[in-house]
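Using this note's numbering, read the sequence shown as starting at 1107 and increasing by one per residue. Quick reminder that beta carbons are idealized off the backbone N, C-alpha and C, glycines included. All figures in this text were calculated on a predicted structure; none of them were measured in a lab. All remarks here apply to the structure that follows.
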Amino acid sequence: MFIRSERLFLRPAWPEDWAELHALIDNEAVVRNLSRAPWPYGPDDAKRFVAAPQGGNHPQFFVTLPGAHGARLIGCVGLIEDAGGPELGYWIAQGYWGRGFATEAVRSVLSLARPLGHRQINARHFADNPASARVLEKAGFRPTGEIRLGHSAARPQPAPTVHHVIDLAAPMDCDGPEDGGFEPMRRAA
1107 MFIRSERLFL
1117 RPAWPEDWAE
1127 LHALIDNEAV
1137 VRNLSRAPWP
1147 YGPDDAKRFV
1157 AAPQGGNHPQ
1167 FFVTLPGAHG
1177 ARLIGCVGLI
1187 EDAGGPELGY
1197 WIAQGYWGRG
1207 FATEAVRSVL
1217 SLARPLGHRQ
1227 INARHFADNP
1237 ASARVLEKAG
1247 FRPTGEIRLG
1257 HSAARPQPAP
1267 TVHHVIDLAA
1277 PMDCDGPEDG
1287 GFEPMRRAA
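See below:
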(Lines of atoms letter the chains of each structure in order from A and count residues from 1; the text may use other names and numbers.)
(Lines give C-alpha, C1' and ligand atoms only; values in the text may rest on other atoms or scores of the structure.)
Protein backbone atom coordinates (compact mmCIF):
# COMPACT_ATOMS: atom_id res chain seq x y z
CA MET A 1 0.00 0.00 0.00
CA PHE A 2 1.02 3.56 -0.69
CA ILE A 3 -0.43 6.84 0.56
CA ARG A 4 0.21 10.30 -0.87
CA SER A 5 -0.56 13.27 1.37
CA GLU A 6 0.00 16.96 0.81
CA ARG A 7 3.75 16.84 1.47
CA LEU A 8 4.53 13.20 2.20
CA PHE A 9 4.64 9.84 0.49
CA LEU A 10 4.03 6.81 2.71
CA ARG A 11 5.26 3.47 1.41
CA PRO A 12 6.29 0.03 2.64
CA ALA A 13 9.87 -0.64 3.70
CA TRP A 14 12.22 -2.10 1.13
CA PRO A 15 15.29 -4.21 1.99
CA GLU A 16 17.69 -1.54 0.70
CA ASP A 17 16.21 0.99 3.17
CA TRP A 18 17.97 -0.52 6.18
CA ALA A 19 21.00 1.83 6.18
CA GLU A 20 18.89 5.00 5.89
CA LEU A 21 16.55 3.69 8.59
CA HIS A 22 19.46 2.92 10.88
CA ALA A 23 20.98 6.38 10.39
CA LEU A 24 17.71 8.06 11.45
CA ILE A 25 16.49 5.90 14.33
CA ASP A 26 19.85 5.22 15.97
CA ASN A 27 19.16 8.24 18.16
CA GLU A 28 18.35 7.96 21.85
CA ALA A 29 16.10 11.05 21.70
CA VAL A 30 13.87 9.19 19.21
CA VAL A 31 13.97 5.68 20.69
CA ARG A 32 13.28 6.83 24.26
CA ASN A 33 9.73 7.68 23.11
CA LEU A 34 9.14 4.29 21.45
CA SER A 35 7.93 1.21 23.29
CA ARG A 36 8.89 -1.43 20.73
CA ALA A 37 12.29 -0.33 19.40
CA PRO A 38 15.49 -1.84 20.81
CA TRP A 39 18.29 0.30 22.20
CA PRO A 40 20.96 0.68 21.11
CA TYR A 41 19.47 0.34 17.64
CA GLY A 42 21.96 -1.54 15.48
CA PRO A 43 22.25 -2.33 11.77
CA ASP A 44 20.82 -5.83 12.33
CA ASP A 45 17.74 -4.30 14.00
CA ALA A 46 17.19 -2.12 10.92
CA LYS A 47 17.62 -5.12 8.60
CA ARG A 48 15.08 -7.14 10.61
CA PHE A 49 12.59 -4.26 10.54
CA VAL A 50 12.71 -3.77 6.76
CA ALA A 51 12.46 -7.56 6.21
CA ALA A 52 9.41 -8.00 8.48
CA PRO A 53 6.21 -8.99 6.66
CA GLN A 54 3.39 -6.46 6.41
CA GLY A 55 0.23 -7.14 8.39
CA GLY A 56 -2.87 -7.21 6.16
CA ASN A 57 -5.01 -4.71 8.04
CA HIS A 58 -2.15 -3.46 10.23
CA PRO A 59 0.10 -1.80 7.65
CA GLN A 60 3.35 -0.06 8.47
CA PHE A 61 4.77 2.71 6.32
CA PHE A 62 8.01 4.55 5.86
CA VAL A 63 7.30 8.26 5.87
CA THR A 64 9.21 9.90 3.04
CA LEU A 65 9.58 13.50 1.95
CA PRO A 66 9.64 13.80 -1.85
CA GLY A 67 12.04 16.32 -3.33
CA ALA A 68 13.88 17.23 -6.51
CA HIS A 69 16.49 14.50 -5.88
CA GLY A 70 14.17 11.69 -4.79
CA ALA A 71 12.37 10.98 -1.55
CA ARG A 72 14.15 11.11 1.81
CA LEU A 73 13.10 8.81 4.62
CA ILE A 74 12.01 10.89 7.62
CA GLY A 75 10.16 8.42 9.85
CA CYS A 76 7.70 5.60 10.22
CA VAL A 77 3.98 5.28 10.95
CA GLY A 78 1.63 2.32 11.14
CA LEU A 79 -0.99 0.28 12.88
CA ILE A 80 0.13 -2.43 15.26
CA GLU A 81 -1.96 -5.39 16.34
CA ASP A 82 -2.39 -5.15 20.10
CA ALA A 83 -4.52 -7.06 22.61
CA GLY A 84 -6.63 -3.93 23.24
CA GLY A 85 -7.29 -3.39 19.52
CA PRO A 86 -5.27 -1.71 16.80
CA GLU A 87 -2.69 0.72 18.08
CA LEU A 88 -1.07 3.59 16.22
CA GLY A 89 2.69 3.87 16.30
CA TYR A 90 4.91 6.52 14.73
CA TRP A 91 8.20 8.34 14.93
CA ILE A 92 9.84 11.15 13.00
CA ALA A 93 13.60 11.66 12.80
CA GLN A 94 14.83 14.41 15.11
CA GLY A 95 15.95 16.68 12.27
CA TYR A 96 12.32 16.88 11.06
CA TRP A 97 10.57 17.59 14.39
CA GLY A 98 8.27 20.58 14.71
CA ARG A 99 7.17 20.79 11.06
CA GLY A 100 3.84 18.93 11.23
CA PHE A 101 5.11 15.79 9.47
CA ALA A 102 4.00 13.45 12.27
CA THR A 103 0.47 14.87 12.27
CA GLU A 104 0.23 14.62 8.48
CA ALA A 105 1.49 11.02 8.51
CA VAL A 106 -0.89 10.01 11.32
CA ARG A 107 -3.88 11.56 9.54
CA SER A 108 -2.91 9.70 6.37
CA VAL A 109 -2.88 6.35 8.14
CA LEU A 110 -6.19 7.12 9.86
CA SER A 111 -7.78 7.78 6.45
CA LEU A 112 -6.91 4.18 5.58
CA ALA A 113 -7.90 2.64 8.92
CA ARG A 114 -11.69 2.63 8.44
CA PRO A 115 -11.58 1.04 4.97
CA LEU A 116 -9.38 -1.67 6.55
CA GLY A 117 -12.20 -2.43 9.00
CA HIS A 118 -11.00 -0.57 12.09
CA ARG A 119 -13.59 1.34 14.11
CA GLN A 120 -11.37 2.48 16.95
CA ILE A 121 -7.63 3.11 17.16
CA ASN A 122 -5.60 3.34 20.36
CA ALA A 123 -2.41 5.30 20.90
CA ARG A 124 -0.07 5.92 23.83
CA HIS A 125 2.63 8.45 24.47
CA PHE A 126 5.05 8.89 27.31
CA ALA A 127 3.77 11.58 29.67
CA ASP A 128 7.01 13.55 29.29
CA ASN A 129 6.52 13.79 25.52
CA PRO A 130 4.01 16.66 25.05
CA ALA A 131 4.82 16.92 21.32
CA SER A 132 3.32 13.47 20.77
CA ALA A 133 0.24 14.47 22.77
CA ARG A 134 -0.22 17.45 20.42
CA VAL A 135 0.14 15.22 17.35
CA LEU A 136 -2.57 12.89 18.62
CA GLU A 137 -4.87 15.78 19.58
CA LYS A 138 -4.51 17.42 16.15
CA ALA A 139 -5.29 14.08 14.49
CA GLY A 140 -8.55 13.75 16.47
CA PHE A 141 -7.53 11.45 19.33
CA ARG A 142 -8.78 12.15 22.82
CA PRO A 143 -7.18 11.13 26.12
CA THR A 144 -9.08 8.42 27.98
CA GLY A 145 -7.70 9.33 31.41
CA GLU A 146 -5.86 6.01 31.64
CA ILE A 147 -2.21 6.29 32.64
CA ARG A 148 0.00 3.25 33.00
CA LEU A 149 3.68 2.51 33.13
CA GLY A 150 5.30 1.90 29.77
CA HIS A 151 8.68 0.56 28.81
CA SER A 152 11.27 1.87 26.40
CA ALA A 153 14.62 0.21 25.88
CA ALA A 154 16.22 3.69 25.88
CA ARG A 155 14.85 4.60 29.32
CA PRO A 156 16.45 3.36 32.53
CA GLN A 157 13.08 2.51 34.11
CA PRO A 158 9.37 2.35 33.22
CA ALA A 159 7.67 5.72 32.80
CA PRO A 160 4.02 6.86 32.76
CA THR A 161 2.20 6.67 29.42
CA VAL A 162 -1.07 8.39 28.54
CA HIS A 163 -3.71 6.43 26.60
CA HIS A 164 -5.61 8.08 23.75
CA VAL A 165 -8.34 6.76 21.48
CA ILE A 166 -10.09 7.82 18.31
CA ASP A 167 -13.47 6.47 17.26
CA LEU A 168 -13.70 6.33 13.50
CA ALA A 169 -17.02 7.35 11.94
CA ALA A 170 -19.52 4.64 11.21
CA PRO A 171 -19.85 3.89 7.52
CA MET A 172 -22.59 5.70 5.66
CA ASP A 173 -25.15 3.34 4.15
CA CYS A 174 -26.38 4.89 0.93
CA ASP A 175 -29.56 2.81 1.14
CA GLY A 176 -30.25 3.46 4.81
CA PRO A 177 -31.49 6.31 6.94
CA GLU A 178 -28.06 7.96 7.06
CA ASP A 179 -27.64 8.09 3.31
CA GLY A 180 -25.70 11.31 3.13
CA GLY A 181 -28.72 13.42 2.27
CA PHE A 182 -29.77 11.56 -0.90
CA GLU A 183 -33.27 10.58 0.31
CA PRO A 184 -34.87 13.94 -0.65
CA MET A 185 -33.44 13.57 -4.15
CA ARG A 186 -34.97 10.10 -4.49
CA ARG A 187 -38.41 11.41 -3.50
CA ALA A 188 -38.17 14.24 -6.04
CA ALA A 189 -37.48 11.85 -8.90
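Consult DSSP for PRO1264 and reduce its assignment to one of helix, strand or coil.
-> Assignment of PRO1264 by DSSP, reduced to helix, strand and coil, places it in the coil class.
ALA1152 (DSSP reduced to helix, strand or coil) | helix
Would you list the one or two residues that DSSP bridges to TYR1196?
-> VAL1183
Give every residue of the same chain whose Cβ lies closer than 7 Å to the Cβ of GLU1112, excluding the five residues on either side of it in the sequence, and list them in chain order.
-> GLU1210
6 Å CB neighbourhood of PRO1172 in its chain, flanking five on each side removed | PHE1115
Backbone CA spacing between ALA1233 and HIS1175 [nearest angstrom] | 38 Å
If we call anything under 8 Å between Cβ atoms a contact, is VAL1212 one with GLY1184?
-> Contact: no.
Please classify ASP1123: does DSSP put it in a helix, a strand, or coil?
-> Helix at ASP1123.
Pull up the distance between the alpha-carbon of ASP1273 and that of GLN1226, whole angstroms please.
-> In this structure, the alpha-carbon of ASP1273 lies about 5 Å from that of GLN1226.
Can you give me the Cβ contacts of GLU1126 inside the same chain, cut-off strictly under 7 Å, excluding the 5 residues immediately before and after it?
-> LEU1179
Burial state of THR1250, where buried means 16 or more other Cβ atoms lie within 10 Å | exposed
How would you write the range of the alpha helix (DSSP H) that PRO1236 sits in, first residue to last?
-> 1236-1244
So GLU1134 packs on TRP1145, CB below 8 Å; how close in whole Å?
-> 7 Å
Kindly confirm or deny that the stretch 1196-1205 and the stretch 1151-1166 touch, where touching means at least three C-beta pairs closer than 8 Å.
-> no
With a threshold of 16 other CB atoms inside 10 Å of the CB of TRP1120, please say whether the residue is buried or exposed.
-> exposed
In three-state DSSP terms, what is HIS1128?
-> helix
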